[in-house]
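A.B. asks: Protein chains in written order, with my numbering: chain A, 565 to 1026; chain B, 7 to 540; chain C, 628 to 898; chain D, 628 to 898; chain E, 671 to 982.
Glycine is no exception: its CB is placed at the ideal position from the N, C-alpha and C atoms.
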Amino acid sequence: MVSYLVLLLLVLGVAAYFVGRSRAVASVGGEVSRLHSLPGQHGLFLAMIAAGPALLAVLIWRIATPGIEDSIVQSRFAAELAEFGVPQLQAFLRDARAIAFGGIVSFPDETKEAAAVVFRSLHQTSIWLITAVALILAAGGSFFGYSRIAPAYRARHVVERVVKWFLILCSMIAILTTIGIVLSLIFESILFFSEIPIFNFLFGLHWSPQSAFTGAGGDAGDVNTEIFGAVPLLAGTLLITFIAMLIAAPVGLMAAIYLSDYATQRVRAVAKPVLEILAGIPTVVYGFFAALTVAPFFRGVGESIGLDVASESALAAGVVMGIMIIPFVSSLSDDVINAVPQSLRDGSAGLGATRSETIRRVVLPAALPGIVSALLLAVSRAVGETMIVVMAAGLAANLTFNPLEAVTTVTVQIVTLLVGDQEFDSAKTRAAFALGLLLFVITLALNVIALRVVQKYREQYD
Amino acid sequence: MTDTTLSTGPASPDSLHTGDAAKARLRARYAAEARFKWLGAGAVALAGFFLLLLLSTIVTKALPAFHQNYVALEVDLSADKIDPADPGAANFLGLVHDGMAGEFPQVSGRQERRLLRGLVSTGAGVMLREAIEADPTMLGGTRRIAVPLDDFADLYLKGLLAKSGPSCRIAGVTVSGAGDEVAVGFPDDAILAMARGAGAVDGEDGGLRLTSGSQSLLLEIAGGTLKITELSTGEAGGAIGKATVLEPLASASDMPDDAMLRTIETAEANRKITDREIVWLDRLAGAGKIENRWNTLFFFTGASREPELAGIWGAVVGSALTMVVTLALSFPIGVAAAIYLEEFATKNRLTNLIEVNINNLAAVPSIVFGLLGLAVFLNWFSLPRSAPLVGGMVLALMTLPTIIIAARAALRAVPPSIREAALGIGASKVQTVFHHVLPLAMPGIMTGTIIGMAQALGETAPLLMIGMVAFIVDIPGGFTDAATVLPVQIFMWADFPEPAFQQKTSAAILILLGFLVIMNAIAVVLRKRFERRW
Amino acid sequence: MNMLTEAGVEQQLADQGNTPAIKMRGKGVTVHYGDKQALFGVDLDVPEKQVTALIGPSGCGKSTFLRCLNRMNDTIPICRVGGDITLDGEDIYDPKIDVVELRARVGMVFQKPNPFPKSIYENIAYGPRIHGLTKNKAELDAVVESSLRKAALWDEVKDRLQEPGTGLSGGQQQRLCIARAIAVSPEVILMDEPCSALDPIATAKVEELIDELRQNYTIVIVTHSMQQAARVSQRTAMFHLGYLVEEGATDKMFTNPDDKRTQDYITGRFG
Amino acid sequence: MNMLTEAGVEQQLADQGNTPAIKMRGKGVTVHYGDKQALFGVDLDVPEKQVTALIGPSGCGKSTFLRCLNRMNDTIPICRVGGDITLDGEDIYDPKIDVVELRARVGMVFQKPNPFPKSIYENIAYGPRIHGLTKNKAELDAVVESSLRKAALWDEVKDRLQEPGTGLSGGQQQRLCIARAIAVSPEVILMDEPCSALDPIATAKVEELIDELRQNYTIVIVTHSMQQAARVSQRTAMFHLGYLVEEGATDKMFTNPDDKRTQDYITGRFG
Amino acid sequence: AARDQIQIVGSSTVFPFTTAVAEKLGQSGAFKTPVVESTGTGGGMKLFCAGVGEGTPDFTNASRAIKDTELASCKEAGVTPVQIKVGFDGIVLANSKAGTAVELTKEQIFKALAKNVEVDGKVVANPYMTWADVDSALPADKIEVLGPPPTSGTRDAFVELVMEEACQEAVEAANEKACTEIREDGAYVEAGENDNLIVQKLEANPKAFGIFGFSFLDQNADKLQGATVEGVEPTFENIASGDYGVSRSLFIYAKKEHVGVIPGMEEFIAEYTSEAAWGPDGYLADKGLIPLPEAARATQAEEAKALKGMGS
Ligand SMILES: Nc1ncnc2c1ncn2[C@@H]1O[C@H](COP(=O)(O)OP(=O)(O)OP(=O)(O)O)[C@@H](O)[C@H]1O
Ligand SMILES: Nc1ncnc2c1ncn2[C@@H]1O[C@H](COP(=O)(O)OP(=O)(O)OP(=O)(O)O)[C@@H](O)[C@H]1O
Ligand SMILES: [Mg+2]
Ligand SMILES: [Mg+2]
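So this is what it looks like as structure tokens:
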């Protein structure tokens, strides 16, 4: 029934589009050029105003009615439900609904049958209600819109304003997400900092939340504040990310350059999507690859030249992570490099520059902002990666910059702490939230710097 | 005009670009050029090499999982076994087990019966029930029905559990005695050397003992199979020994015959399948009752704890549903946000803030998005747990920064003259963007989308928090049904102890990559169509 | 849309005085690119249905002024425009004004040819499409053809309308951009050196076109060719270092300029 | 590099005959853009240390021919070049030939100004840097300054050398590109309408520059201005629809052309 | 409205067993197959104790008993957990069959892995680099043990059952805390929770040992050998009989309030506590779950059936 209503509204929208168009055309006697806006824009305007509010109403109805129906049924059967706890209540409603509208009824009884009847009638009423509301809205919107259509009416403005608001709304999602993230981290973090002095957390050189829950470490209140030093984690993150970028940045960038300026069209058409597969291989696979192929390889090489390489090393994890993020650099850079106008390449070539000189000195600087974006994205991905690190670099928080040793990263610790077996309300689990917040703040700072740099070196071509 | 131009001077421009110094410079520049080009080619080749390396290991590991061995059994479906009025009440697995017992009527001991039953999958009963539900005419009579083998039996038949050694024919073997233990006699003592080679140890009595740590020597004789346990030199240069009866001989009496001696190189202790099971399976295979089928179970069923029953379809559907949500949200929102920031927004503090925010979101560990999803979508909006809808939304949030950043870079790369051209003939900003700038930026946007979606497709961590890292058997039928996704399935299988799951894991990875390739292929084709240089 | 603003009244008065109406008027126009000032208080009237030529040495601000007239400078972030510019008496920098409509009414041919990376046909058809100037494909075809003909390009491209506009020769691209601009029939056409890449014959044709367009449209043209300015324009404005040096009827400017600099420039004795 | 090839001998003979040596020579040059043929067997000699002007209506193939001379057409994927073109008697389309050296020796100013999105200084310094023509910063500064001076741009930009080249006016950009090309002191300079966006004074300066460069360099210039061709060139070649119509000493071409079309074109009676 | 599908969260150690039971319940055809998540014991408890109603899970798996604080928060939210002890998980120390089989005592393990040990009456940072340093009878290989991270319940159980016990004997003077700390100098490698990876790493490196649950040893018996601890081999029977001392109990917790509300809960409990599942010959034993003694099974099943809530 409601789906028919929605269908009807959609049809109405389409119809309104055509009506609006022809009305606009008619209003100027076919002299379309006398219209302020295109007939199509008038049509769109009418469609939006005719079907939009009604559809919105249906959407709201769809979201709101189940709750309203439930509460009405609840109040209707207040006596019978007086004894019920929350789950029983929910089950009652579930089963009553199932009886009323079909579905699996788990625990049928008579009250539920009665409630189902109520549900059915309520639902009927509410459908009539929404149908009426939607139709009124649609009719009102149609008439209003129809009456507005005139040669001078700025339908384009309305349509474009809607578009623009949509665009603004979309970019606001980033802000909302950020707020959401901060909010979902902040409460637990505050609890954490109430136990662990923030100074110890930020500047502590020792990360080893060892003391376990079974018997060890005594009471819950007795928390060792010295074991939550985030510095080794940050150092580990930095080290691994650095190694990864050491692989991904040159390989990715050179690959991008090769694909966009040297490779034949056919090679490029094949190689680029193939490289993009690297980004989609699940990280577990990389993890196994790092732990079982790369790490032993490095260890073997290290031993043969007399170096002591740990079986879990930052090097192995970093290198494999670097491989994984190659396409982030290569594909995105390739696109921006490709977008540099040919006339610039011609200008350079015309001066007798070799291809590589043209690329290095003209094309790359012109494409720099895009390349920096790509690199930043790759760094971000590296910072956020867990599985490879867990499997290949271990979980031991050593404060070291020696790539041959085991290290761990902030992200890994967050995940391990969150999925561990220890109780959730302990300082250990809360540390995960604090780490998340810390990482967030640090990357934020780095991004601010990056933004400044990019804005400074941006070369606008054309 | 002061003409300090070039001391080398326009007087002899020839020498400037063709002189020796110029030649030397040029050579150096060309060397640099060649280096550069080879670096580029090398980079592509290196990346390609890594991919190949990864793929080849996955593919070789995955191949066995694409087939599954079935055993065809005679199952009694007559009315006294299954009540036609209420077929559901029957013990279907029991019927299958009876069928199996029928193949080996001589197997009697409780322990052995258990072992024999263990050869068929525990899911056989359910499959039989479903088959009968689908086709009730099967009832009433004995039917030949193929059921999947248990994972270890299957692995053995694929040659992954035990290594068979050489076999040879020996004449004049005598067997005496009855019961589980029999005595065997050999005409010559070559068998002793073989036993020693098979890792037999010296027993106290000077003979050789074949333990579970040594290779198995099996003697096929008179329609039965014996396992040699002890050997010692006999009279007249022969050898005598003891053997366990794995399969009773056809004629129990003392009769000389030609025998086949086969070895199984992997010691019984070092494999997850006993000699007895091997003998049974070989017997079934010899009788043509084993069918190696294309593993439709794997492709078209949901998850299971039994490797031979575990399928990927549930995860494929889950991934598809999730990706649909992710794409439907992240692509339009991402592109819209990028357009707003790059084309409409005046550059001010707010837009800088948004920009930094977006870049920063890209660096947020994915599990934190899971926390966000848990707090907002589950706790606040009360959306169901484990639902592709929520998973898709969380992944969309995670993918957004990638798409936005790529899209912005692409939009920025469109030359301003194109915008001026459109604006100059009275196109509105919106028209300019949507008619000219966006199509030109499309390749870059597509790239961002491809990469973002690839990442989303392979991501597990954020799903952990919203309940999609779960064991879910039922195939999801909609966006709010409980579902899991391919990488989670892979992750879970990689973590299960049963060895047979390892091939499944690799096969599932291939499926995921296939999924990815299909997803990307569409985008790549679109991207190609938009690509042009100006 | 003609509101009876002060400027409107003024314009009507001007009409009565039998001098041509003022279509566009700049008053104290200043432009800054970042810190650098490119125009210093330019006052210039553009009479309706006449051709106004802007001349002056390279870098003196001709393009800058021209771009002020349809607010193309809005697209340069560092560019700030001061002073008043009116179209039919209406301030075009008024926040209420719709720049899109403005630009549809005041079309522009850019100094550097900038065809869309689309087919030749699409390049021309784009404007009429977004302004809804044609009712059907046939009409659109007709507009495309006549625009190309007017820009003296039809014969060269009629067989390759579906090929990309970027594959044309420099002069062809320039004519393509002219055709694109006139296809939307703006009231005012701003042309920034429309003939710079054209041979004499094509130039002659474009000049002919300008002369023809003058019947119905107002035209502002930037040119480096004194001859061209003399041939096609009714009024000439001479710029120098961001200042409007002198402005007046073309005849007078070329025969008897008030300003020494104009005279020097015209006779090529400048600098 | 001067090998005694057939062409080389020929050149020496020419030298003896007191006519200027032939720096570049095109023989039966054909060019296709995809299916479309743009040049049909053009035979043209470019004498050393002289200015050769290419004239002809828009779209006739002037730029195409010019771009053949330093193989800029290589960058257009759909473009195929046939016939022989030699530089100092050597076939420049020989696979052995080094295009980088070729382009260093045969410099080019493009029809559409295409400054790099770098500072003005870097735009000029780019060429000398990649060719290693200067030993130190001071020398480089000197080259930049003298190049800009020669291109008559120094005074306008000397205070803003670090600002982006793309922020210049159209004519300034064109001069920037001229300065960029001469900064590497090529043997041959190809100029595609170098003065199209320039005012008469700047044009005069560029023409002066061309005249001066002629002492040491060989110059090929595309121009739409007959006057300019007459003023600066010693030899003129007239193109039409992809064919070389006529070629000869400029004096003769402008006073007494052999071909009717040339005459018509020069006198503006074409088409 | 409430769900009609059981939701289970919790420990990744119990996950393989609960999923098997869930699948069985689903195969019966009467109910949807329960959804079993692997969230870790702590995360599971948090979700489980968040309250009652459709948004909260019905069961949680735990590789340890519920803690007092957790029980308190459960109570506070109106949740009455029903505790069912479902079996044992042996924790084994194993290496590749290619390596040497070893027999260890708890004290040796402690000496090899503790952060601080007592040498000559003084507590010092662990100086032992090879097994031979610990005890000359052991191989002279570098100590390298891959084991679970501190967040893991397996690690806790290991610490409690091996380290602390040995510690109290070995280091009288040392405070209790020192007993629980495992060395961080690289000899003990925290290796994440993917036990298959550990198995493969052991295969690749025969000198290394791994610490993990018995089921992985069981399923990989062809590749790995378990070290004896105090002379007892880690076998199914030894763990079940309690002879092998290093094992811990596994639990599931049912939400009493949801019984009779979410269909199938009672049946699920019945299935889990049936002999066919958790008995010595049951399918859970095949998966590596060590059954409780018969008497304990009986009482557990009894209590589960009666839905005996905790703390009530
Ligand atoms: N990249 C290209 N792709 C396809 N056709 C082209 C391309 N460049 C030029 N042409 C065509 O080749 C012919 C010759 O072009 P060319 O650029 O040489 O003309 P031109 O003589 O320089 O003209 P103008 O004076 O207008 O610059 C023209 O018809 C043109 O359309
Ligand atoms: N985008 C810009 N950023 C900074 N300065 C600019 C920009 N555009 C133009 N200018 C400067 O403003 C001044 C006037 O430029 P404009 O383009 O108006 O000159 P013009 O008269 O059109 O010259 P031409 O005949 O060479 O095109 C010049 O000095 C130029 O360098
Ligand atoms: Mg200009
Ligand atoms: Mg040209």
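In whole angstroms, what separates the C-alpha of phenylalanine 777/A from that of glycine 54/B?
C.D. replies: Residue 777/A sits at position 213 when you count from the first residue of the first sequence. Residue 54/B sits at position 48 when you count from the first residue of the second sequence. In this prediction, phenylalanine 777/A has a pLDDT of 40, which is less than 50 and means its spatial position is unreliable; nothing more can be read from the coordinates.
A.B. asks: Is the CB of glutamine 906/A under 9 Å away from at least one CB in chain D?
C.D. replies: Counted from its first residue, the first sequence places residue 906/A at position 342. Judged by the 9 Å Cβ criterion, glutamine 906/A is in contact with chain D.
A.B. asks: Who are the Cβ neighbours of alanine 810/D in its own chain at under 6 Å, not counting the five residues just before and after it?
C.D. replies: Indexing the fourth sequence from 1 puts residue 810/D at position 183. Result list for alanine 810/D: Ile751, Gly754, Pro755, Val770 and Ser774, in chain order.
A.B. asks: Taking cysteine 174/B as part of the beta strand (DSSP E), name the residues at either end of that continuous run.
C.D. replies: In the second sequence, counting from the first residue as 1, residue 174/B sits at position 168. That run of the beta strand (DSSP E) goes 170 to 182.
A.B. asks: So within the region 475 to 527 of chain B, which uninterrupted alpha helix (DSSP H) runs reach at least 4 residues, ignoring any that extend past its ends?
C.D. replies: Complete alpha helix (DSSP H) runs here, min 4: 492 to 501.
A.B. asks: DSSP three-state call for methionine 6/B: helix, strand or coil?
C.D. replies: Residue 6/B is absent from the model: chain B starts at 7 and stops at 540.
A.B. asks: Considering only DSSP beta bridges, list what phenylalanine 921/E is partnered with.
C.D. replies: The sequence position of residue 921/E within the fifth sequence is 251, counting from 1. For phenylalanine 921/E, which the question treats as bridged, DSSP gives the partners Ala732/E and Lys755/E.
A.B. asks: So with CB distances below 8 Å, who are the chain A contacts of glutamate 39/B?
C.D. replies: Within the second sequence, the letter at position 33 stands for residue 39/B. Ordered by position in chain A, the residues that pass the 8 Å Cβ test against glutamate 39/B are Thr918, Arg919, Ser920 and Glu921.
A.B. asks: By Cβ distance, which residues of its chain are closer than 8 Å to alanine 621/A, with the 5 residues on each side in sequence left out?
C.D. replies: Here residue 621/A refers to the residue found at position 57 when the first sequence is read from its first residue. Answer for alanine 621/A: Ile694, Val697, Ala698 and Leu701, listed in chain order.
A.B. asks: From the DSSP output, read off the bridge partner residues of tryptophan 771/A.
C.D. replies: Residue mapping note: residue 771/A aligns to position 207 of the first sequence, counting from 1. Answer is Phe792/A.
A.B. asks: Between the C-alpha atoms of glycine 48/B and glutamate 820/D, what's the straight-line distance to the nearest angstrom?
C.D. replies: To locate residue 48/B, count along the second sequence from 1; it is residue 42. To locate residue 820/D, count along the fourth sequence from 1; it is residue 193. Near 42 Å, if we compare the C-alpha coordinates of glutamate 820/D and glycine 48/B.
A.B. asks: Quick one: list the residues of chain A neighbouring glutamine 461/B, beta-carbon separation under 8 Å, in chain order.
C.D. replies: By one-based count along the second sequence, residue 461/B stands at place 455. What glutamine 461/B touches in chain A: Ala843, Gly844 and Arg945.
A.B. asks: List, in chain order, every chain A residue whose beta-carbon is nearer than 8 Å to that of methionine 715/E.
C.D. replies: Taking the first residue of the fifth sequence as position 1, residue 715/E is located at position 45. Chain A residues near methionine 715/E: Glu987 and Phe988.
A.B. asks: Which runs of the alpha helix (DSSP H) spanning at least 4 residues fall entirely within the region 824 to 896 of chain A, listed in chain order?
C.D. replies: As far as the region 824 to 896 of chain A is concerned, its whole alpha helix (DSSP H) runs of at least 4 residues are 829 to 844, 847 to 853 and 859 to 868.
A.B. asks: Can you check DSSP and say which residues form a bridge with tyrosine 858/E?
C.D. replies: Within the fifth sequence, numbered from 1, the residue matching residue 858/E stands at position 188. Partner(s): Val815/E.
A.B. asks: Taking 8 Å as the line, does the beta carbon of valine 849/C fall inside it for any heavy atom of ligand 3?
C.D. replies: Locating residue 849/C in the third sequence gives position 222, where the first residue counts as 1. Valine 849/C: yes, Cβ under 8 Å from ligand 3.
A.B. asks: Measure how close the beta-carbons of leucine 463/B and leucine 518/B come, nearest whole angstrom, since I'm counting them as under 8 Å.
C.D. replies: As a first step, residue 463/B is located in the second sequence; it is residue number 457 there, counting from the start. As a first step, residue 518/B is located in the second sequence; it is residue number 512 there, counting from the start. At roughly 7 Å, the Cβ-Cβ gap stays under 8 Å, so leucine 463/B and leucine 518/B are in contact.
A.B. asks: Tell me the rounded alpha-carbon separation between arginine 391/B and glutamine 986/A.
C.D. replies: Here residue 391/B is taken as the residue at index 385 of the second sequence, counted from 1. Here residue 986/A is taken as the residue at index 422 of the first sequence, counted from 1. Taking the straight line joining both Cα atoms gives about 23 Å.
A.B. asks: Going along chain A in order, which residues have a C-beta closer than 9 Å to the C-beta of phenylalanine 743/D?
C.D. replies: Reading the fourth sequence from its first residue, position 116 is the one you call residue 743/D. The answer, in chain order, is Leu908, Gly911, Ser912, Arg925, Val926, Pro929, Ala930, Glu1023 and Tyr1025.
A.B. asks: Using a Cβ-Cβ distance under 9 Å, would alanine 861/E count as near chain A?
C.D. replies: Here residue 861/E corresponds to residue number 191 of the fifth sequence, with the count starting at 1. For alanine 861/E, the answer is yes, since a Cβ of chain A falls inside 9 Å of its Cβ.
A.B. asks: Which residues in chain E sit within 7 Å of glycine 984/A, going by Cβ to Cβ distance?
C.D. replies: Indexing the first sequence from 1 puts residue 984/A at position 420. Under the 7 Å cutoff, chain E gives Gly710, Gly712, Thr821 and Ser822.
A.B. asks: May I ask you to report which of helix, strand or coil DSSP gives histidine 659/C?
C.D. replies: For the purposes of this step, residue 659/C is identified with residue 32 of the third sequence, where counting begins at 1. Strand, per DSSP.
A.B. asks: If the cut-off is 9 Å on Cβ atoms, which residues from the region 822 to 833 of chain D count as contacting chain C, listed in chain order?
C.D. replies: Those residues of the region 822 to 833 of chain D that come within reach of chain C (Cβ to Cβ, closer than 9 Å) are Cys822, Ser823, Ala824, Leu825, Asp826, Pro827, Ile828, Ala829, Thr830, Ala831 and Lys832.
A.B. asks: Helix, strand or coil for glutamine 654/A, going by three-state DSSP, please let me know.
C.D. replies: One-based indexing of the first sequence puts residue 654/A at position 90. Reduced to three states, the DSSP call for glutamine 654/A is helix.
A.B. asks: Taking buried to mean at least 16 other C-beta atoms within 10 Å of its own C-beta, is alanine 634/D buried or exposed?
C.D. replies: Taking the fourth sequence and counting its residues from 1, one reaches residue 634/D at position 7. Per-residue confidence for alanine 634/D stands at a pLDDT of 46, beneath the threshold of 50, marking its modelled position as unreliable; the derived number appears in the next sentence. With 16 or more Cβ atoms within 10 Å of its Cβ, alanine 634/D is classed as buried.
A.B. asks: If we cut at 9 Å on Cβ distances, does leucine 795/D have a partner in chain C?
C.D. replies: Reading the fourth sequence from its first residue, position 168 is the one you call residue 795/D. Yes, its Cβ sits closer than 9 Å to a Cβ of chain C.
A.B. asks: Quick check on leucine 1015/A: does DSSP put it in helix, strand or coil?
C.D. replies: What you label residue 1015/A is simply residue 451 of the first sequence in a count that begins at 1. Three-state result, leucine 1015/A: helix.
A.B. asks: Using beta-carbon positions only, say whether threonine 269/B and serine 170/B come within less than 9 Å of one another.
C.D. replies: Within the second sequence, numbered from 1, the residue matching residue 269/B stands at position 263. Within the second sequence, numbered from 1, the residue matching residue 170/B stands at position 164. Cβ distance < 9 Å, so threonine 269/B and serine 170/B count as in contact.
A.B. asks: Considering only C-alpha positions, which residue in the set Phe866/C, Pro884/C and Ala808/C is nearest to glycine 430/B?
C.D. replies: Position 424 of the second sequence, counted from the start, is the residue given in the question as residue 430/B. Selected option, being the one with the closest Cα: Ala808/C.
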